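A short write-up of the structure that comes next.
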Amino acid sequence: MNIVICGGGMVGMTLARLLRLRGQEPIVLERMPEGAFIPRGYMLPFQGFPPLEEIGILSELRSEGWDIAPREDGSSVAICVQVGKILGALARDLPVEYGHTVTELVHDPTGRVVGVVAEGPDGMRTIPADLVIACDGFGSPVRQMAGLDAEIEPLADAALSFMSPEPGGVSFAMAYTSDGGHIGTLGWPEGSAGWRSCDRVGAEAALAPGVDAIKKMWVELLPESEKAISGVTSIDQVRYSEPSLLRCAEWWKPGVLLIGDSAHFFGPETGVSSGIGMGDAHALAEAIRQHPDNSDAAAQSFITWRSPVVRPYEAMDPGRQRKFTIGDREPGPGEAWPPRS
Ligand SMILES: Cc1cc2nc3c(=O)[nH]c(=O)nc-3n(C[C@H](O)[C@H](O)[C@H](O)COP(=O)(O)OP(=O)(O)OC[C@H]3O[C@@H](n4cnc5c(N)ncnc54)[C@H](O)[C@@H]3O)c2cc1C
4 MNIVICGGGM VGMTLARLLR LRGQEPIVLE RMPEGAFIPR GYMLPFQGFP
54 PLEEIGILSE LRSEGWDIAP REDGSSVAIC VQVGKILGAL ARDLPVEYGH
104 TVTELVHDPT GRVVGVVAEG PDGMRTIPAD LVIACDGFGS PVRQMAGLDA
154 EIEPLADAAL SFMSPEPGGV SFAMAYTSDG GHIGTLGWPE GSAGWRSCDR
204 VGAEAALAPG VDAIKKMWVE LLPESEKAIS GVTSIDQVRY SEPSLLRCAE
254 WWKPGVLLIG DSAHFFGPET GVSSGIGMGD AHALAEAIRQ HPDNSDAAAQ
304 SFITWRSPVV RPYEAMDPGR QRKFTIGDRE PGPGEAWPPR S
């Protein structure tokens, strides 16, 4: 099967590695240069363990990170690891066409997707494909080009987060505030991060109280974060964002399939988006192994297999199921952000 994977992020590379283990040679197109990534606080959830174990990098990642809720049998609920380590391990010895952006889908007269147009350092080229797999993230240009609709649902609350070079000392800690908000910290051997929900007031207002006020609030609400946030010395290490959930009624059209963040995105409270995406990659690689000459059958098998796993996560996301959320109740003393005078 001629397979083109659009996007060489965590999910695209996982899929490519798993397909190669099954005798396929997919083309991976990644618009960014080799080794580029956005640093962020990251925990690898258990849903991603089986594919990474098969690829042969799980124990390496465990030794380079800190376990979250370790179990007696040596496993854990999740591993907090520097995000560059997982991307680096996946990229090792994997052929990826870096600096190549997918700009168009190619259709046959029936409307079936039969390839992509990619723009790279040597210009534009058309690449034929039996199956184009969108692994191009939340904004997924391929999803849009295919005309597959995404339902994007902004959360009621915004997020304030920090990155710190200080390891922090705890792999994970999280607490809830009395108005239904949440605050947490992640730590790994080279650094730490933190997040909290806050009012949707825009970056300027959320950051206006300044770095000292932000540090004081974090320590008061989550004492376990004291060491982590001690490494925050500039407001540039603090970020405000307005997360949204994403789900798609359909993941497939003849010739093109969505997986990973292009197909679904869960709220920051779940911390499972990448693990579900890597699970998608595992299921799809296996479906293609079972139907090596029929991409439609492989895609249908994937959907049958994956829907009962992914759809409940979508339905039960805390962003949708919370009994009350920011704005419904008064926050407790010191909990509101920005502080109310
Ligand atoms: C701040 C933050 C914290 C997170 N923390 C966690 C966490 O703790 N645990 C967890 O499980 N998940 C977490 N996630 C989610 C996790 O990062 C994603 O689920 C995961 O990265 C999804 O991988 P992906 O490969 O589907 O998409 P992406 O990582 O977005 O990769 C998409 C790739 O496609 C490329 N691309 C896009 N368009 C094109 C194009 N036209 N042509 C070629 N290439 C293209 C992009 O350059 C990119 O490399 C977090 C996300 C954020 C934003």
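For what it's worth, my numbering labels the leading residue of the sequence shown as 4, then goes sequentially.
Quick reminder that beta carbons are idealized off the backbone N, C-alpha and C, glycines included.
Quantities reported herein were computed from a predicted structural model and do not represent experimental measurements.
- In this structure, the alpha-carbon of Tyr-316 lies about 31 Å from that of Arg-95.
- Straight-line measurement puts the Cα of Gln-27 at about 30 Å from the Cα of Ala-153.
- Taking 8 Å as the cut-off, the Cβ atoms of Ile-6 and Ile-136 count as close.
- Rounded to the nearest whole angstrom, the C-alpha separation of Gly-278 and Ala-121 is 28 Å.
- Judged by DSSP secondary structure, Trp-191 falls within the beta strand (DSSP E) whose first and last residues are 185 to 191.
- Ala-286 and Arg-20 have their C-alpha atoms roughly 13 Å apart.
- Closest by C-alpha distance to Asp-283, out of Gly-213, His-267 and Pro-295, is His-267.
- Between Phe-141 and Leu-90, the C-beta spacing is not below 8 Å.
- Around the CB of Thr-129, fewer than 16 other CB atoms lie within 10 Å, so the residue is classed as exposed.
- In the DSSP assignment, Leu-32 falls within the unbroken beta strand (DSSP E) covering 30 to 33.
- Of the residues assessed, Asp-320 falls on the buried side of the cut-off, its CB having 16 or more other CB atoms within 10 angstroms.
- With a cutoff of 7 Å, Phe-52 does not count as near ligand 1, since its C-beta is closer than that to no heavy atom of the ligand.
- Placement of the Cβ of Glu-33 at a distance of less than 7 Å from at least one heavy atom of ligand 1 is found.
- Within the DSSP secondary-structure output, Val-222 pairs in no beta bridge.
- Arg-65 carries a helical assignment under DSSP once its states are collapsed to helix, strand and coil.
- Shortest gap from the CB of Asp-264 to any heavy atom of ligand 1: under 7 Å.
- Sequence-distant Cβ neighbours of Glu-100 in its own chain, meaning closer than 6 Å and more than five residues away, are Leu-32.
- Fully contained in the region 135 to 196 are the following beta strand (DSSP E) runs of length 3 or more, in chain order: 154 to 157, 161 to 167, 175 to 179 and 185 to 191.
- Residue side-chain check: Cys-138 places its Cβ nearer than 7 Å to a non-hydrogen atom of ligand 1.
- Comparing C-alpha distances from Asp-133 to each of Pro-144, Gly-118 and Trp-69 shows the shortest one belongs to Gly-118.
- Taking 8 Å as the cut-off, the Cβ atoms of Glu-156 and Ser-298 do not count as close.
- Here the alpha carbon of Gly-12 sits roughly 34 Å from the alpha carbon of Val-222.
- Under the three-state reduction of DSSP output, His-294 falls in the coil class, being neither helix nor strand.
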